[in-house]
Structure formats: structure tokens, C-alpha cells
Amino acid sequence: MPDENIAAPAELSLLDVAVVITENWMLLLAAPLLAGLLSFGVFSFASPKTFDSVSFLRLSATEAAVLPSAKILTPAITGTAYLGSFDGAFSRALHHLTEEALTVQREGETDVYSVRVQTKSAAESQELLSRIVNSLIANSTPTPTEQALLAIRIEQTKRSIAELERNLARLSRQTELTANDVVGNLGETAVALLTGIEERHTRLFQLEHSLQGSISSEDIIQPATLPDSPNAGSAAIRAMFVGALAALAAFVFAFIAAGWKGASRSADGLHKITRIRRAVGLPAKS
Numbered sequence: 385m386p387d388e389n390i391a392a393p394a395e396l397s398l399l400d401v402a403v404v405i406t407e408n409w410m411l412l413l414a415a416p417l418l419a420g421l422l423s424f425g426v427f428s429f430a431s432p433k434t435f436d437s438v439s440f441l442r443l444s445a446t447e448a449a450v451l452p453s454a455k456i457l458t459p460a461i462t463g464t465a466y467l468g469s470f471d472g473a474f475s476r477a478l479h480h481l482t483e484e485a486l487t488v489q490r491e492g493e494t495d496v497y498s499v500r501v502q503t504k505s506a507a508e509s510q511e512l513l514s515r516i517v518n519s520l521i522a523n524s525t526p527t528p529t530e531q532a533l534l535a536i537r538i539e540q541t542k543r544s545i546a547e548l549e550r551n552l553a554r555l556s557r558q559t560e561l562t563a564n565d566v567v568g569n570l571g572e573t574a575v576a577l578l579t580g581i582e583e584r585h586t587r588l589f590q591l592e593h594s595l596q597g598s599i600s601s602e603d604i605i606q607p608a609t610l611p612d613s614p615n616a617g618s619a620a621i622r623a624m625f626v627g628a629l630a631a632l633a634a635f636v637f638a639f640i641a642a643g644w645k646g647a648s649r650s651a652d653g654l655h656k657i658t659r660i661r662r663a664v665g666l667p668a669k670s
């Protein structure tokens, strides 16, 4: 028969956990708090301060996609302190701007986009974002050749509208002198003429708008802001991570200390402690 006096293996219960937490609550609380505060101070001091400038624009999806292109950004960064921080290297400055410093995001299901620029200076962020928006507006304006073509199309549309309006007036005069059984056919023609006139007026408005540029200052809902304080999110997040690691380390240390203390009360536990001390190069206690 198996020996009933053999002790069952020790099991960790919720009561054991509660005892360890209660006896070491100061360590479990102070360690992550102190680690978080120290790391936040170190990260805040060591990490370069950054400032965000934000502008809200009314854009189409195509215009928002064009905004981070070299066509828009190159004129915007030319001669700026931002370009100077990269020793005048356009390729490096554009890569950093598009990959890290510039963010274009649609606001919900609207035609409003937030454009954000992050640099190491509040004034620099505002100036750079303003130049980007101005460059976008300037590039939306047609070239002289395109303006000439648009002017021709506008004139053609105006002549077409005038011709349709004359036909409609002529048809109205004919309707007054026509028998009732023919009026129905003339009415359908009149509707077709009115539809054509309305479509051409819509087209004329679009052409005139294109002549002025697809984007104007009226599409700027909020100009580039001047940030009054640096970003602190990155340092705070890293400090929280360090604090969490410190809390975990303190929790593990508390259980090891409790286990070490409990093991010293039995012969088998003392034997294990002796082996551990020898493994780490400490003399065994007599």
C-alpha cells in the first residue's frame, strides 16, 4: 500500500496570493510608481520635444491623395528651416516628412481632412504646414495653357446655352399657335430643351470653378495652428510600459521571497536553498 504519510505536493492557492500581496503591498505599489516616474523624467529629458500643427481642409479624395506628393511638398519645404535640418538634402527631408512628420486623415464620412505636421519647433510646424496648404492651393490652379483651353470651353458652353434658350423661346411661340393635339409633342421637346439648358449651366459652373482652381482659401476650415506645448504622449506611454514591467518584477520578487522564506522551514527546502546558493557562487549557510 502507498505510504499515507507522504506529504502531498504544495499547491498555490488564492489565499497564498493574498498573503503575499498583503505582506508586500508597499513594494508592489512603490516599485512601479517610482520606476514610472523616473523613466518618465528620463524619457522627457532625453527625447527631443516635438510640436504638432493642425489644419482642417475641405478636399476631395483625389486632392487628399495628391497632398503628400513631391509636387506639393518640394515647393513647400524649399528654403525652410525644416530642409536646413537635413543639410539641404531634399530626398531625406521629403522621406522624413511623408513617413513621419506629415499626416493626412479624413474626418468621418465627410469631405473634411485634418492635415498634421510634427517638427521640433512650434513656429516651424505652423510655418511648414501653412506652406504645404498654400502649395496645394497653388498647384490646383491651372497653368496658362490650361486656362486658355478652359476659357474656350466656357465660351462654347455659353453659346450653347444661348442657342438652346432661343430654341425654347421659338418653341413657346409655336405652342401658342398650335392645335391642342400637337401641344403634347411640343411639350416633350420643351422639357428636353430645359434639361439641356440646366445641364449646360451646371457644366459652366464647373468650368468656371476649375478656372479659379479646385482648391481655394475658402476650403480652409481651420488654418495651421501654433502649438503652445510639446507632445508628451510618447514619453508617457514608455513610462507606463516601464512601470508595468516594474510591477511584474516586484510581483515575481515578492513570491520568490515568500517561497524562499517558506522553504527554509523544512529540510528539503534548506537543501534546495543550498543548491541555489552554490549555483550562484554564494557560500552555503551552516
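Numbering-wise, the sequence shown is residues 385 to 670 according to our numbering. Note that CB positions come from ideal geometry on N, CA and C, so glycine has one too.
*Applying the criterion that 16 or more other CB atoms from any shown protein chain within 10 Å of the CB defines a buried residue, is Val636 buried or exposed?*
Classification of Val636: exposed, given that the 10 Å Cβ count is below 16.
_Classification of Ala506 by the beta-carbon crowding that lies within 10 angstroms, buried from 16 upward_ = buried
_Spatial neighbours of Asp612 in its chain, beta-carbon cut-off 8 Å, leaving aside the 5 residues before and after_ = Answer for Asp612: Ala506, listed in chain order.
*Among residues of its own chain, excluding the 5 on either side of Ala563, which ones have a beta-carbon nearer than 7 Å to its beta-carbon?*
Caution applies to Ala563, whose pLDDT of 49 falls short of 50 and renders its modelled position unreliable; the model cannot decide the point.
*Three-way DSSP call (helix, strand, coil) for Leu548 in this model*: helix
*asked:* As a quick exercise: from Phe470, Glu592, Ala546, pick the residue whose alpha carbon is nearest that of Leu578.
replied: Ala546
*Is the beta carbon of Ala522 less than 9 Å from the beta carbon of Pro459?*
yes
*asked:* Within the continuous alpha helix (DSSP H) that includes Ser524, where are the two ends?
replied: 506-524
_Closest by C-alpha distance to Glu493, when choosing among Glu511, Gln590, Ala445, Ala631_ = Ala445
*In chain order, what residues of the same chain lie with their CB nearer than 8 Å to the CB of Ala574, ignoring the 5 residues before and after it?*
Around Ala574: Leu552, Leu555, Ser556, Thr559.
*Please confirm if the region 478-498 is in contact with the region 434-451, defined as three or more CB-CB distances below 8 Å between the two stretches.*
yes
*Whole angstroms is fine: what's the gap from Ser524's alpha carbon to Ala477's?*
Taking C-alpha positions only, Ser524 is separated from Ala477 by approximately 23 Å.
*Nearest-angstrom Cα distance between Thr434 and Leu520?*
24 Å
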